[in-house]
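Numbering (the numbering used here), first residue to last: 15 to 237.
Glycine included, every Cβ here is placed at the ideal spot set by N, Cα and C.
In this text, all values refer to a predicted model and were calculated from it rather than measured experimentally.
Below is one structure, written out as structure tokens, with a few remarks after it.
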Ligand code: ADP
Ligand code: MG
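What follows is the structure, encoded as structure tokens:
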């Protein structure tokens, strides 16, 4: 199930171009890294793919997931998970409730709780099930956010500087855990980062000013 972006460009309200058309394709289990200076439009590109683009912008181009065109689908129907640097857990819900809420509604309510608890057990975090997000550590919140995103059963994942707020000691461990999970689930992932250290081994990256990498990287691999 690949994530394909074709000639995507974003234009400001005043018609100035935020970024020129960019195309890329991300295979299942592959992570494409997006690097560039602050303000160059990395988060905006992710928003356009996820369907959350602010009304202050207009986009051109097309995104496909598993061959299906996404442009006219609501963000919910796109089945794209997003992980931000802030955990965005609901402060008024406890940890298992935060997890259960992400699980698709077709699954019975009692099963959703069971699944949330099972997820925490697998992480050896069952003891925080009834804590509120404010009562647990930053590292625990980061793990819970990642699991919450995966419990929603996304078909692709967008990560916007997901390791930024963690201290150095936690960062490396969390990073390898996240990258391993994405690989295991065979999800295509697009990740924004500032840090060269976040780049996965053998991963491709798109560096500002972005250009069409559809063929570029793949050609150089065979050079
Ligand atoms: P990055 O993630 O690369 O730091 P962003 O995509 O957040 O950059 O922002 C790109 C540009 O768009 C910046 O100049 C920013 O100020 C502007 N911008 C971001 N969000 C909005 C918005 N909702 N409305 C108008 N301009 C925005
Ligand atoms: Mg950003």
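Looking at ligand 2, does it come within less than 8 Å of residue 27, judged from the CB to the closest heavy atom?
No, the Cβ of residue 27 stays beyond 8 Å of every heavy atom of ligand 2.
Between the CA atoms of residue 60 and residue 79 - distance to the nearest angstrom:
Near 14 Å, if we compare the C-alpha coordinates of residue 60 and residue 79.
With a 10 Å radius around its C-beta and 16 neighbouring C-beta atoms as the bar for buried, classify residue 214 as buried or exposed.
The residue in question, residue 214, is buried, as its Cβ has 16 or more Cβ neighbours within 10 Å.
Pairwise C-alpha distance: residue 155 and residue 148:
For residue 148 and residue 155, the distance between alpha carbons rounds to 9 Å.
Using the rule of at least 16 other Cβ atoms within 10 Å of the residue's Cβ for burial, across every protein chain shown, is residue 144 buried or exposed?
Residue environment: residue 144 is assigned as exposed (fewer than 16 neighbouring CB atoms within 10 Å of its CB, all protein chains considered).
Bridge partners - residue 54, DSSP secondary structure assignment:
Per DSSP, none; premise fails for residue 54.
Can you tell me whether DSSP reads residue 232 as helix, strand or coil?
At residue 232 the pLDDT is 48, less than 50, meaning the model places this residue with poor confidence; the figure from the coordinates comes in the next sentence. Here residue 232 sits in helix by DSSP.
Quick one: any contact between the stretch 152-168 and the stretch 118-135, if contact means 3 or more CB pairs under 8 Å?
Verdict: yes, contact present.
Residue 95 bridges to which residues according to DSSP?
Bridge partners of residue 95 according to DSSP: 171.
Tell me which residues share the same chain as residue 55 and place their Cβ nearer than 8 Å to its Cβ, disregarding the 5 neighbours each side in the sequence.
Beyond the five residues adjoining it in sequence on each side, residue 55 comes within less than 8 Å, by CB distance, of 24, 32 and 33 in the same chain, given in chain order.
Scan the stretch 41-85 and note each continuous beta strand (DSSP E) run of 3 residues or more that stays entirely inside, going in chain order.
Along the stretch 41-85, the beta strand (DSSP E) occurs as fully enclosed runs of 3 or more residues at 45-49 and 71-79, listed in sequence order.
Rounded straight-line distance, which links the Cα of residue 212 to that of residue 158:
So the two alpha carbons sit approximately 20 Å from each other.
Indicate whether residue 75 and residue 19 have their beta-carbon atoms separated by less than 9 Å.
Yes, Cβ-Cβ distance for residue 75 and residue 19 is below 9 Å.
Would residue 94 and residue 192 qualify as a contact pair, given that the criterion is a beta-carbon distance under 9 Å?
In this structure, residue 192 does not lie closer than 9 Å to residue 94 by Cβ.
Going by DSSP, what residues sit across from residue 17 in a beta bridge?
When beta bridges are read from the DSSP output, residue 17 appears opposite 40 and 79.
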